[in-house]
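Enquirer: Next up is a structure, given as structure tokens.
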Amino acid sequence: MKHKLINFVLFQSIWFIFILSAAHDSLYGALVGFCLLTLQYLHGKKLFADCVLIVLAIIIGFIHDGLLKYFNFIIYHIVFIDFYSPIWIIGLWISFALTINHSLAWLQNKPALQIFFGLIGGPLAYLAGEKLGAITLSHEYTLYILALCWAVVTPVLFKFYAKGK
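Per the UniProt record's numbering, the sequence shown starts with residue 1, numbered consecutively.
Now the structure itself:
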């Protein structure tokens, strides 16, 4: 239980560090965030399974957030390196992936809850990111698009790991 709590606290800390560093144009915050990501990964008990999820999350994150950026649904206020998706948002995807086998493991084999979690949690995270100044949601229907995407992506991440066991 302690392991899952540490994973959850690291995820929340990483989220705030990346969002606030993006909102305040701080590269140093992003570096701290990536150091905590390394700690979150190394603290895990399923390193290979986590590594598989990290690769999947990076691919999905680049596509998902890259398309949102390309079609101007989201404006990122800082892009440290002008990739298709900002590097800090990919860090958030990695951190989320590292919760699948740990603090969110209770959602495994519960696809309806995974969909619900993605449907609500995904857009709320982006809305909070906007309120903290890291991004701008540039269309009134962006939250609906995010809800739909995250309702699909969340169970995909869980399913992918389940097949990789």
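Even glycine gets a Cβ: it sits at the ideal position worked out from N, Cα and C.
1) Between the alpha carbons of H102 and N7, how many angstroms are there, rounded?
2) Have a look at C149 and K2 and give me their C-alpha separation to the nearest angstrom.
3) Compute the distance between the beta-carbons of L36 and I14, then report whether it is under 7 Å.
4) Return helix, strand or coil for Y70, following the three-state DSSP convention.
5) In the DSSP assignment, find the unbroken alpha helix (DSSP H) run with T38 in it and report its ends.
6) Within 10 Å of its beta-carbon, does S95 have 16 or more other beta-carbons around it, so buried, or fewer, so exposed?
7) Mark T154 as exposed unless 16 or more other C-beta atoms lie within 10 angstroms of its C-beta, in which case mark it buried.
8) DSSP puts residue 171 in a beta bridge; with which residues?
9) Cutting at 6 Å between CB atoms, please list the residues of its own chain near L113, excluding the five before and the five after it.
10) Suppose contacts are defined by Cβ-Cβ distances below 7 Å. Is L53 in contact with A97 by that definition?
11) Using the C-alpha atoms, what's the distance from K159 back to L56?
12) Looking only at C-alpha atoms, which of L146, G33, L27 sits nearest to G121?
Expert: Judging by the given coordinates:
1) When rounded, the distance between both Cα atoms is 7 Å.
2) Going by the C-alpha atoms only, they are around 31 Å apart.
3) Result yes, Cβ atoms of L36 and I14 sit closer than 7 Å.
4) DSSP places Y70 in the helix class (H, G or I) of the three-state scheme.
5) For T38, the uninterrupted alpha helix (DSSP H) run begins and ends at 27-43, by DSSP.
6) By the neighbour-count rule (16 or more Cβ atoms within 10 Å), S95 is buried.
7) So T154 counts as buried.
8) With the chain covering only 1 through 165, there is no way to say anything about residue 171.
9) Annotation for L113: L107 place their beta carbon closer than 6 Å to its own, counting only its chain and skipping 5 residues before and after.
10) Yes, the pair counts as a contact, with Cβ atoms nearer than the cut-off.
11) Rounded to whole angstroms, L56 to K159 spans 11 Å at the Cα level.
12) For G121, the nearest C-alpha among the options comes from L146.
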